[in-house]
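K.L.:
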Amino acid sequence: MTIHRRGLLAGAAATTLPFASLRAQQANTLRLGVLTDMSGPYRDPTGPGSAICTQQAVMEFASRLGVQAEVIQADHQNRPDVGSNIARQWYDQGVDVIVDVPTSSVALAISQIAREKNKLFLNSGAATSDLTGSACSPNTVHWTYDTYMLAKGTGAALTRAGGDTWFFITADYAFGHALQRDTSSFVEQGGGRVLGSARYPFPQTTDFSSYLVQAQASRAKVLGLANAGTDTANCIKQAREFGLTRNMRIAGLLMSFMEVHSLSLDTAQGLLLTESFYWDLNDRTRAFSQRVQPRMPNRAMPAQVQAGCYSATVHYLKAAGALGAAAAKADARAVAERMKSMETDDDAFGTGRIRPDGRKIHPTYLFQVKTPRESRGTWDYYNIAATNPAEEAFRPMAEGNCPLVRG
Amino acid sequence: MDEIFGIPAPLLFGQLLLGLINGAFYALLSLGLAVIFGMLNVINFTHGAQFMLGAFVAWAMLNFLGLGYWWALLLAPIVVGLFGVLLERTMISQLYKLDHLYGLLLTFGVGLIVEGLVRNEFGSSGLPYRIPTELTGAWDLGFMFMPVYRGWVVIVALVACIATWLVIEKTKIGSYLRAATENPALVQAFGINVPRMMTLTYGAGVALAAFAGVLAAPIYSVNPQMGSNLIIIVFAVVVIGGMGSILGSVVTGFGLGIIEGLTKVFYPEASATVIFVVMAIVLLLRPAGLFGRA
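Protein sequence lines correspond, in order, to chains P and B.
Quick note: the first sequence, position 137, residue 137 per the numbering used here, numbers continuous.
In the numbering used here, each number is its position in the second sequence, counted from 1, plus 1000.
1. Tell me which residues share the same chain as Asn1280 of chain B and place their Cβ nearer than 8 Å to its Cβ, disregarding the 5 neighbours each side in the sequence.
2. Among the residues of its own chain, which have a CB less than 8 Å from the CB of Asn118 of chain P, if the five just before and after it don't count?
3. Gln25 of chain P: buried (16+ other C-beta within 10 angstroms of its C-beta) or exposed?
4. Select from the segment 42-65 of chain P all residues with a C-beta closer than 8 Å to any C-beta belonging to chain B, and list them in chain order.
5. Give the C-beta separation of Val1110 of chain B and Ala1207 of chain B to the nearest angstrom, bearing in mind that I take them to be a contact with Cβ-Cβ under 8 Å.
6. Is Gln112 of chain P helix, strand or coil when you go by DSSP?
7. Going residue by residue through the segment 164-202 of chain P, where are the continuous beta strand (DSSP E) segments of at least 3 residues, counting only ones entirely within it?
8. Name, in chain order, the residues that DSSP records as bridge partners for Trp1139 of chain B.
9. If the cut-off is 8 Å on Cβ atoms, which residues from the segment 267-291 of chain P count as contacting chain B, listed in chain order?
10. Under 8 Å Cβ to Cβ from Ser21 of chain P, same chain only, skipping five residues before and after it: list those, please.
11. Just to confirm before moving on: does the CB-CB distance between Gly1299 of chain B and Leu1290 of chain B stay below 8 Å?
12. What do you reckon, is the C-beta of Ala1138 of chain B under 7 Å from a heavy atom of the ligand PLP?
13. Taking all protein chains shown into account, do 16 or more other C-beta atoms lie within 10 angstroms of the C-beta of Phe1064 of chain B, making it buried, or fewer, making it exposed?
14. In three-state terms, what does DSSP make of Arg395 of chain P?
15. Given that Pro201 of chain P touches chain B, what residues does it touch there, using C-beta distances under 7 Å?
16. Does any residue of chain B have a CB that is nearer than 8 Å to the CB of Leu195 of chain P?
17. Give every residue of the same chain whose Cβ lies closer than 7 Å to the Cβ of Gly47 of chain P, excluding the five residues on either side of it in the sequence, and list them in chain order.
18. Determine the closest residue to Val187 of chain P out of P:Arg181, P:Asn234, P:Gln180 and P:Thr159, with distance taken between C-alpha atoms.
19. Only counting the same chain, and skipping five residues up and downstream in sequence, which positions put a Cβ closer than 7 Å to that of Ser1125 of chain B?
20. On the three-state DSSP scale, how would you describe Ala233 of chain P?
21. Tell me the rounded alpha-carbon separation between Leu317 of chain P and Ala62 of chain P.
22. Which one of P:Leu254, P:Arg43, P:Leu32 and P:Leu271 has the shortest CA to CA distance from Val1118 of chain B?
23. For Phe1108 of chain B and chain P, any beta-carbon pair shorter than 8 Å?
24. Give me the residue from P:Arg115, P:Met248, P:Lys237 and P:Pro201 with the minimum Cα distance to Leu223 of chain P.
25. What are the start and end residues of the alpha helix (DSSP H) that includes Leu223 of chain P?
26. Using a 10 Å radius around the Cβ and a threshold of 16 neighbouring Cβ atoms, would you call Trp1070 of chain B buried or exposed?
27. Can Gly94 of chain P and Gly321 of chain P be called in contact, C-beta distance under 8 Å?
28. Find the residues of chain B that neighbour Asp172 of chain P, judging by a C-beta separation of less than 7 Å, and give them in chain order.
29. Any beta carbon of chain P sitting closer than 8 Å to that of Phe1276 of chain B?
30. Output needed in chain order: residues of the segment 1141-1152 of chain B with a Cβ under 8 Å from some Cβ in chain P.
31. Nearest-angstrom Cα distance between Leu1011 of chain B and Ile98 of chain P?
32. Measure from the C-beta of Phe167 of chain P to each C-beta in chain B and report whether the shortest distance is under 8 Å.
33. With contact counted as at least three CB pairs below 8 Å, one residue from each stretch, are the segment 1151-1169 of chain B and the segment 1016-1033 of chain B in contact?
34. Cβ of Val369 of chain P within 8 Å of Cβ of Leu271 of chain P?
35. Going along the chain, which residues of its own chain have a beta-carbon closer than 8 Å to the beta-carbon of Pro41 of chain P, five neighbours each way excluded?
36. Leaving out five residues on either side along the sequence, give the residues of the same chain with a beta carbon under 8 Å from the beta carbon of Ile169 of chain P.
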């Protein structure tokens, strides 16, 4: 068969026509871009699962609230330059809100861009407390956790329980620094001391034995891991190997149950960690998790960041529905204001609110990892050791130095 | 003497020992690369992925077939080596007549694809793999706590390095290989099947990577990116040692492990960079590497 150029051109024109009319119809469609780590160390607790949970919120709520919404996704490779390029392109092409964005350095860059272009940024995956502190923005809402809340949840609890000397192994970038800083301040407030720390190059490090031996030599009672994802898993695995667990407690300062899953309960049992969501907390979290689980990669239960994407999207859709899609698309700052004025309520996070500095607040939980004997099966990993009420779990607004709420 | 450069001596000895252990992995991985480059003139960028596959095959053998660590140490290199043979036969062998760069691009691409496929199937956070019961526990050396398994890794790596060197330098088949690298046409004229030898050499180099992967599985998180984190350093090791030099890659592997270990004590932030600083200096002073022939 021969193909003529004219035929090809006609065919191409014919295929673009339906899209053109579709575009007209979709002028008022809310567009959500999930920008996340699809290929690196944070993929499992964020990544495709974040996109699926965002879609779940759209599936459940968009038509009920009378709005049309679509979800697109991309990989930022944990690099601020890659993330910024995609964010600019998306916002310029009509994406209204960027969701998730783990990796603090990328999140800080995107928060700036969202403000510059008056678009919305719903962060779930990044941890730096600066997003609602010195770098806060009227266009950014920080949903799931932050370094202050993690530090307070785990750091203060361990110091109170007698772990008054600490050594940190810290990922050498914005997030690790912030987590170490925030935890240190709780340790010192509790009368404890920080005996030392080692900053390792991120993400090129796989062997932590050198830092673990330094930690051991410091004779601190607690080893604070100011890192996340596979780095944390590697540290814990190797800490057991080097016998650190015999005389030190290990505090995984940002751990999700994905890391516990990858370590297996054998290695992870007894660890204390802070999260703001766990699938088996109550009837609502169980209902949400069972709805979304069949679509998750490897049929995993949703992790806290992924559940945060769901919760944030539900609340965004409610605010956009109340304002009307056209108004919501026109002014992201107005949507953010609206979101802050409404109480949040969804299956994953229950009820809560967003403060004027952009911080979403809700209770947080100190979990202890179960022993293999206690666990009833895959995904049954945690006992609740303590609950921090919403108003106490996060940094008080006055201490954050956020220019939006100062004075 | 209690302190050396302001660092307590026991801590320093501990770090030297740990450097040696990490050096064992560098040596084992760069050995495979050096064998492949020395004989085939292919810069094998799939090496990291093949290292990772070794660890994943060990995991799969345990979970699907019930075969433990010792079986994996034997069988995983063979399985991954066969994958290497297939890769060489179907793709790499087409590129021998072209510039090195084509082989590099092909193997780099294959590495990315393999890594992506594994990530899609198993996720990124890793799979659990335990130290075999025979090798659990640790020795208290006085200045540090030395896990038995790490000692095992150093010994096995040294044995593998010496064995490879002996095969290539001291056996008949090794002499054929070296001859084929110098002048394949002449060796073929003597009735030796050079293409088959190339295929087997590539398979053996890949098997070495997988062997290192199985050794790494109990101590590093078994995840898809475990190879790509190591491979860049290992390439620097090969370049510093002299491309294709087996002795060079082994000595440099252990040496750089120690330099890196010391950097982790004095200035941990630079520990990923120090190897490349050494590489730049070596390239300026001896462009063919420490043990390479110009």
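The C-beta atom is built at its ideal place from N, Cα and C for all residues, glycine as well.
P.N.:
Taking the coordinates as given:
1. Looking at the sequence shown, residue 1280 of chain B is not Asn but Ala. Cβ neighbours of Ala1280 of chain B beyond the five flanking positions: none.
2. So the list reads Asn139, Asp331, Ala332 and Arg333, once near-sequence residues are dropped.
3. The predicted position of Gln25 of chain P is uncertain, since its pLDDT is 49 and thus under 50; no value can be drawn from it.
4. Tyr42, Arg43, Asp44, Pro45 and Gly47
5. Going by Cβ atoms, the distance from Val1110 of chain B to Ala1207 of chain B rounds to 17 Å, so no, they are not a contact pair.
6. helix
7. 165-171 and 193-200
8. B:Met1146
9. So the close ones are Thr267.
10. For Ser21 of chain P, the pLDDT reaches just 45, beneath the cut-off of 50, and the residue's location in the model is therefore unreliable, although a value from the coordinates is still provided. Cβ within range, chain order: n/a, list empty.
11. Examination of residue 1299 of chain B is not possible in this model, given that chain B is present from 1001 through 1294 alone.
12. This structure lacks the ligand PLP, and indeed carries no ligand of any kind.
13. exposed
14. Of the three classes helix, strand and coil, the one that applies to Arg395 of chain P here is coil, per DSSP.
15. Glu1269, Ser1271 and Ala1272
16. It does not: the Cβ of Leu195 of chain P has no partner Cβ on chain B nearer than 8 Å.
17. Thr36, Asp37 and Met38.
18. P:Thr159
19. Asn1223
20. helix
21. 7 Å
22. Minimum Cα distance to Val1118 of chain B is reached at P:Arg43.
23. Taking CB atoms only, Phe1108 of chain B has no neighbour in chain P less than 8 Å away.
24. P:Met248
25. Leu223 of chain P: not part of any alpha helix (DSSP H); member of the beta strand (DSSP E) spanning Val222 to Ala226, first to last residue.
26. exposed
27. no
28. Glu1269
29. Judged by the 8 Å Cβ criterion, Phe1276 of chain B is not in contact with chain P.
30. Met1144, Phe1145, Pro1147, Tyr1149 and Arg1150
31. 47 Å
32. Chain B, which has no Cβ nearer than 8 Å to the Cβ of Phe167 of chain P, makes this no.
33. yes
34. yes
35. For Pro41 of chain P, same chain residues with a beta-carbon under 8 Å away, outside a window of 5 residues either side, are Asn78, Pro203, Ala228, Gly229, Thr230 and Asp231 in chain order.
36. Ser197, Ala198, Tyr200, Phe208, Tyr211, Leu212, Ala215, Leu223, Gly224, Leu225, Ala226, Asn227 and Cys235
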